[in-house]
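K.L.:
Take a look at the following structure, please.
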Amino acid sequence: MPELPEVETYRRYIEASSLGQTIEQFTCEDPRKLLLNDLDEINNRLNGAVFEATYRVGKHLFVRTNLDDWLYMHFGMTGDLGYFHRDEPPPRHARMIFYFTNGYRLGFICPRKFERVGLVADPAAFLAQKGVAPDVMEITPTVFFDHLRRKKSAIKTVLLDQSVVAGIGNWIADDVLFRAKIHPEIPASALEETEKMRIFEAMRYIVQTTIDVEANYLLLPDDFILHARGWGKPHLAGKCPCGKGEILMSRVGGRATYFCGLCQSKK
DNA sequence: TAACCTGTTCACGC
DNA sequence: GGCGTGAACAGGTT
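Numbering of the first sequence is given in the working numbering, commencing with residue 850 and proceeding in unit increments.
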């Protein structure tokens, strides 16, 4: 479920497995859907090149080669990576594969083909063109608060807007608002300064804590409302960490939204 | 079986 | 242009 912490974990996985490796081939089983560029063009640039560095903003990942090309990766809703030896079968749904000269391969796992790969000349320009805001862990309170002031949409919808802040996905938005004790449907522009600061701090805490456990949800503290969704800790399913409030599920901006009727009252 | 779903984009309508 | 809604993408899971 790639939100920022998963993509950061993938970035570290590429650093540990694939940096310094010479690429001899790249394959893609559905180039028209999955690639931003022509498959031949990507192969021309990558064959013989070496992965040298990585860079991530929000959910957007880039890998630089020794030829100064940047390979762009986006994981959509279900993307994943798997590094495997040529003697092993590739992971299921590894629809794109980087073949290295050391006999190992990096598979880009795309169960639903929502993932994207391409070559970009300049990551910063690419992100600017897409309107991607600064990363959650980089954005300043001033810039963040300024966006909130201008947005009349529900605060949850605004947190999911990658042009406001990059990297927050559906469950993280819920946990940020739970920790900040803000109702998800409050218009962003109606928030008080102290509430905005609570959101800012909660945002950094939730994201950093999730990165620290390499996005393994079972290792997250019990006071995350994510567990109420029933993802892996059965004894916490449907319960607010506060022990008293009722967990409510609604739809905000078309997305399933979990919150506590007691901790996050609308006032 | 049918309904559901993590991200993103786009097409509408107001 | 802002905002909300819904569809589309494709397959796994429940």
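Glycine included, each C-beta is placed from N, C-alpha and C at the ideal position.
Quick check: arginine 941 and arginine 905, are their CB atoms within less than 8 Å of each other?
P.N.:
Here residue 941 is taken as the residue at index 92 of the first sequence, counted from 1. Here residue 905 is taken as the residue at index 56 of the first sequence, counted from 1. Result no, Cβ atoms of arginine 941 and arginine 905 do not sit closer than 8 Å.
K.L.:
On the criterion of 16 or more Cβ atoms from any shown chain inside 10 Å, does aspartate 879 qualify as buried, or is it exposed?
P.N.:
Here residue 879 refers to the residue found at position 30 when the first sequence is read from its first residue. Answer is exposed; the Cβ neighbour count stays below 16.
K.L.:
Leaving out five residues before and five after alanine 1051 in sequence, what residues of the same chain have Cβ atoms less than 6 Å from its Cβ?
P.N.:
Position 202 of the first sequence, counting from 1, holds the residue named residue 1051. So the qualifying residues of the chain are Val1025, Arg1028 and Ala1029.
K.L.:
Determine the closest residue to leucine 883 out of Gly1081, Glu1044, Gly1110 and Lys962, with distance taken between C-alpha atoms.
P.N.:
The residue you call residue 883 lines up with position 34 of the first sequence. Among Gly1081, Glu1044, Gly1110 and Lys962, the Cα nearest to that of leucine 883 is on Lys962.
K.L.:
How many angstroms separate the CA atom of arginine 920 from the CA atom of phenylalanine 947?
P.N.:
Position 71 of the first sequence, counting from 1, holds the residue named residue 920. Position 98 of the first sequence, counting from 1, holds the residue named residue 947. First, the residue type needs correcting, since residue 920 is leucine and not arginine in the sequence shown. Spanning the two alpha carbons is a distance of roughly 12 Å.
K.L.:
If you drop the 5 nearest sequence neighbours on each side, which residues of the same chain put their C-beta closer than 7 Å to that of cysteine 1112?
P.N.:
What you label residue 1112 is simply residue 263 of the first sequence in a count that begins at 1. Taken in chain order, the residues that qualify are Phe1027, Lys1030, Cys1089, Cys1091 and Gly1094.
K.L.:
Mapping DSSP to helix, strand and coil, what is methionine 922?
P.N.:
The sequence position of residue 922 within the first sequence is 73, counting from 1. Note: methionine 922 maps to strand in three-state DSSP.
K.L.:
Per DSSP, arginine 1100 forms a beta bridge with which residues?
P.N.:
Translated into the one-based positions of the first sequence, residue 1100 becomes position 251. According to DSSP, which records beta bridges pairwise, arginine 1100 is partnered with Ala1105.
K.L.:
Helix, strand or coil for histidine 942 per DSSP?
P.N.:
Within the first sequence, numbered from 1, the residue matching residue 942 stands at position 93. Three-state DSSP puts histidine 942 in coil, outside helix and strand.
K.L.:
Counting Cβ pairs, one atom from each stretch, are 3 or more of them under 8 Å apart for the stretch 948-955 and the stretch 971-979?
P.N.:
As far as the Cβ criterion goes, the stretch 948-955 does not touch the stretch 971-979, which means the pair count is below three.
K.L.:
Relative to the C-alpha of alanine 1105, which residue among Pro1033, Lys1000 and Ser867 is closest?
P.N.:
Here residue 1105 refers to the residue found at position 256 when the first sequence is read from its first residue. Among Pro1033, Lys1000 and Ser867, the Cα nearest to that of alanine 1105 is on Pro1033.
K.L.:
Evaluate contact between the stretch 1075-1088 and the stretch 992-1007, counting only Cβ atoms and requiring at least three cross-stretch pairs below 8 Å.
P.N.:
Not touching, per the Cβ criterion.
K.L.:
Once you ignore the five residues that flank glutamate 808 on each side, which residues in its own chain have a CB closer than 8 Å to its CB?
P.N.:
Residue 808 is absent from the structure shown; the chain starts at 850 and stops at 1116.
K.L.:
So which of Gly956, Arg944 and Glu873 has the shortest CA-CA distance to glycine 931?
P.N.:
The residue labelled residue 931 in the question sits at position 82 within the first sequence. Answer by Cα proximity: Gly956.
K.L.:
Under 8 Å, do phenylalanine 900 and valine 856 count as touching if we go by C-beta distance?
P.N.:
To locate residue 900, count along the first sequence from 1; it is residue 51. To locate residue 856, count along the first sequence from 1; it is residue 7. No. Outside cutoff.
K.L.:
Taking DSSP's pairing of strands, which residues face valine 966 in a bridge?
P.N.:
For the purposes of this step, residue 966 is taken as the residue at position 117 of the first sequence. The partner list for valine 966 (beta bridge, DSSP) reads Leu884 and Met922.
K.L.:
Can you pull the DSSP bridge partners for cysteine 959?
P.N.:
Position 110 of the first sequence holds residue 959. None, per the DSSP bridge assignment.
K.L.:
Just tell me which of Thr1006, Asp1071, Pro1083 and Thr1059 has its CA closest to the CA of tryptophan 1099.
P.N.:
Walking along the first sequence from the start, residue 1099 turns up at place 250. One point to set straight first is that residue 1099 is serine, not tryptophan, in the sequence displayed. Comparing Cα positions, the closest option is Thr1006.
K.L.:
To the nearest angstrom, how far is it from the Cα of glutamate 864 to the Cα of threonine 903?
P.N.:
In the first sequence, the residue the question calls residue 864 occupies position 15. In the first sequence, the residue the question calls residue 903 occupies position 54. Cα to Cα, glutamate 864 sits roughly 7 Å from threonine 903.
K.L.:
Under the three-state reduction of DSSP, which class applies to valine 985: helix, strand or coil?
P.N.:
Against the first sequence, residue 985 aligns to sequence position 136. Valine 985 falls in the coil class under three-state DSSP.
K.L.:
In whole angstroms, what is the alpha-carbon distance linking alanine 943 and alanine 1037?
P.N.:
Residue numbering aside, residue 943 sits at position 94 when the first sequence is read from its first letter. Residue numbering aside, residue 1037 sits at position 188 when the first sequence is read from its first letter. Going by the C-alpha atoms only, they are around 40 Å apart.
K.L.:
Can you name, in chain order, every residue of its own chain whose Cβ lies under 8 Å from the Cβ of alanine 898, other than the five neighbours on each side?
P.N.:
Counting from 1 along the first sequence, the entry for residue 898 is found at position 49. Counting only Cβ-Cβ distances below 8 Å, and skipping sequence neighbours, we find Thr871, Ile872, Thr914, Asn915, Leu916 and Asp918.
K.L.:
How would you call leucine 976, buried or exposed, if buried means at least 16 neighbouring beta carbons within 10 angstroms?
P.N.:
As a first step, residue 976 must be located in the first sequence, where it is residue number 127. Buried.
K.L.:
Does the Cβ-Cβ distance between glycine 1102 and alanine 1015 come in under 8 Å?
P.N.:
Looking up residue 1102 in the first sequence gives position 253. Looking up residue 1015 in the first sequence gives position 166. In this structure, alanine 1015 does not lie closer than 8 Å to glycine 1102 by Cβ.
K.L.:
Could you name the residues that DSSP lists as bridge partners for phenylalanine 947?
P.N.:
Within the first sequence, the letter at position 98 stands for residue 947. The partner list for phenylalanine 947 (beta bridge, DSSP) reads Phe875 and Leu955.
K.L.:
Hey, glycine 928 and glutamate 987 are a contact pair by Cβ (cut 8 Å); roughly how many whole angstroms apart?
P.N.:
Taking the first sequence and counting its residues from 1, one reaches residue 928 at position 79. Taking the first sequence and counting its residues from 1, one reaches residue 987 at position 138. With 8 Å as the limit, glycine 928 and glutamate 987 do not qualify as a contact, their Cβ atoms being about 23 Å apart.
K.L.:
By alpha-carbon positions, which one of Phe933, Pro938 and Cys959 ends up nearest to methionine 945?
P.N.:
Within the first sequence, the letter at position 96 stands for residue 945. Selected option, being the one with the closest Cα: Cys959.
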